[in-house]
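Data first, discussion second: the structure below is written as structure tokens.
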Amino acid sequence: MHLTSKHSHLICVDSDGCAMDTMDIKHFRCFGPAMVEEWSLTPWQEEILQRWNNTNLYSMTRGINRFQGLSIALEEADRSYRHIPGIDRLLSWTASSHELSNRALEKEIADSREKEDQKEIQILEKALSWSRKVNEQIAALPLDELQPFPGVKEALEAAHREADIAVVSSANKKAVEEEWQRCGLAPMTDVLLTQDDGSKAFCIGELIKKGYFPENVLMLGDAPGDEKAALANNVLFYPVLVKQETASWERFRTQALPKFLQGSYAGTYQEELTALFHDNLKGKA
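According to the numbering used here, the sequence shown is numbered sequentially starting from 256.
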């Protein structure tokens, strides 16, 4: 984790759905449809994709790891539509693995080949196949449709003049690097961390060790997992609200950033924003 602190303040920024308007398109066109194809769920496609999108985009489980989302969706399919062979094996891995990535799944499959029956690990191989297909499909998405939300660049430019900036994402590293470079956001960052570097909570914890006081660290995110990662490290959290992203970034630049730098963000102001965040994902705002 190569970061040399230049400022006393650190701002961590999630990518998909927070800075980049890429989360919806990736789930609509890649994650859900690839799952339906991999497990031959076409007869129930409409209902399954609706549940996939609600779970991963429009509820308090927004932004969960892809393999956790897959486990939830397949468990529901197994219960409501048709039997998914090996579902318990996948649920066990997602619940117990310290890292939920292609790399970790590859290792789990390799370690299990000599210990388990081939049928037992077939679902893990299918999950890996699905995940690789998702990455391929994301890489093939039209680049002009993968752009930052309006106001992100201006906000990051303002923030980077006064604070160090770290991208902290659970997405695929290659995709995040490409998007931030292509969209001209990389120059406003000091380090880019993704799923291969560890969980968001772990990454924030490692960044703090570079010499920041927790009260001088702010996590920007659009999902409950971002808030939990901030709470786990006792740092501040700023929510980017679903379907209100442009207004959220404007508020960050004009209100939240000055308060954060001046030391008046914590307390009532953050509590009010957090309440809006929870209401938004619960369909109340």
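Virtual Cβ for every residue (Gly too), placed ideally from N, Cα, C. For clarity, every value in this text was computed on a predicted model and none was experimentally measured.
Original post:
In whole angstroms, what is the alpha-carbon distance linking ASP412 and SER425?
Top reply: Sequence check: residue 412 is Glu here, not Asp. Their backbone Cα atoms lie some 23 angstroms apart in a straight line.
Original post:
With a cut-off of 8 angstroms, do at least 3 Cβ pairs link the region 489-500 to the region 471-479?
Top reply: With the cut-off at 8 angstroms, the region 489-500 and the region 471-479 touch.
**OP:** Pull up the distance between the alpha-carbon of LYS362 and that of TYR520, whole angstroms please.
**Re:** Each residue's alpha carbon lies about 43 angstroms from the other.
**OP:** Mark GLN525 as exposed unless 16 or more other C-beta atoms lie within 10 angstroms of its C-beta, in which case mark it buried.
**Re:** When all chains shown are included, GLN525 counts as buried.
Original post:
Do you know how far the Cα of LEU296 is from the Cα of TYR313?
Top reply: In this structure, the alpha-carbon of TYR313 lies about 22 angstroms from that of LEU296.
Subject >> Coil, strand or helix - PHE492 by DSSP >> reply: PHE492: strand per DSSP, three-state reduction.
**OP:** Identify which residue in TRP307, PRO403, GLY406 has its Cα closest to the Cα of GLU331.
**Re:** With distances taken between Cα atoms, GLU331 lies closest to TRP307.
Original post:
Per DSSP, what kind of secondary structure is ILE378 in: helix, strand or coil?
Top reply: Look at ILE378 here: in three-state DSSP terms it is helix.
**OP:** Under 6 angstroms Cβ to Cβ from HIS415, same chain only, skipping five residues before and after it: list those, please.
**Re:** Within the same chain, Cβ atoms closer than 6 angstroms to the Cβ of HIS415 are found at MET443, the five residues on either side in sequence being excluded.
Subject >> Per-residue burial, LEU486 [other beta carbons within 10 Å of its own, 16 or more giving buried] >> reply: By the 10 Å Cβ count, LEU486 comes out exposed.
**OP:** For GLY241, I'd like the list of residues in its chain whose CB is within less than 8 angstroms of its CB, leaving aside the five on either flank, ordered along the chain.
**Re:** Here the chain comprises residues numbered 256 to 540, so residue 241 is not present and cannot be evaluated.
Subject >> Distance between ARG317 and ASN309 (C-alpha atoms, nearest Å) >> reply: As the crow flies, the alpha-carbon of ASN309 is around 8 angstroms from that of ARG317.
**OP:** Helix, strand or coil for LEU355, going by three-state DSSP, please let me know.
**Re:** Correct three-state label for LEU355: coil.
Subject >> Cα-Cα separation between ILE376 and GLY324, rounded to whole angstroms >> reply: Taking the straight line from one Cα to the other gives about 19 angstroms.
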